[in-house]
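This report concerns only the one structure given below.
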Amino acid sequence: MSKPIDYTQLYAQAMALLNQGEPFWFDEEQTRLVMESNRRFQQRSPEELFFYECFAIPATEADGEYLSATAIYERIHRRAGSALRYGNVVNFARVLSNIEGLQRRRTRRGTEYFVKIIG
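Each residue of the sequence shown is one higher than the one before, counting from 74 in the working numbering.
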């Protein structure tokens, strides 16, 4: 049998902790742990799923090559056709920048992503 929450007591405890200087935010390590724990509940976008059909994140320097967002987009677009939702490379580059573990570098020609072509 559950008891109702005593909000007055809960508030008093929270205020006491704040007054003692307890942090009320997550530090970098706590944020990383929360994100890691939540990862299994996150859904990948269709663009990210298409990315993984055509590319992998290389394990070593010898396994991959740097490609522009345009080159990656064009390869995926040839495979996915109109199913690829983003109509331009700029929007697609935002998807690439959010793929965990995908290395990138800035060059005179723009940003390039380190990928392994698989399909």
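All C-beta atoms in this analysis are idealised placements derived from N, C-alpha and C, irrespective of residue type, glycine included.
This structure is a prediction, so every number in the text was calculated from the model and none was measured.
- Your pair Phe-165 and Glu-120 checks out as a contact, with CB atoms roughly 6 Å apart and the cut at 8 Å.
- Residue nearest to Arg-182 within the set Ile-191, Leu-140 and Ile-190 is Leu-140 (criterion: CA-CA distance).
- Judged by DSSP in its simplified three-state form, Thr-143 adopts helix.
- CA-to-CA, the gap between Tyr-84 and Glu-95 works out to about 14 Å.
- For Thr-180, the uninterrupted beta strand (DSSP E) segment begins and ends at 177 to 180.
- With fewer than 16 other Cβ atoms from the protein chains shown falling within 10 Å of its own Cβ, Leu-91 counts as exposed.
- Boundaries cannot be given for Phe-114, as no alpha helix (DSSP H) includes it and DSSP labels it neither H nor E.
- Comparing C-alpha distances from Val-163 to each of Ala-153, Glu-147, Gly-154 and Glu-126 shows the shortest one belongs to Glu-147.
- Between the alpha carbons of Ala-144 and Glu-173 lies a distance of about 19 Å.
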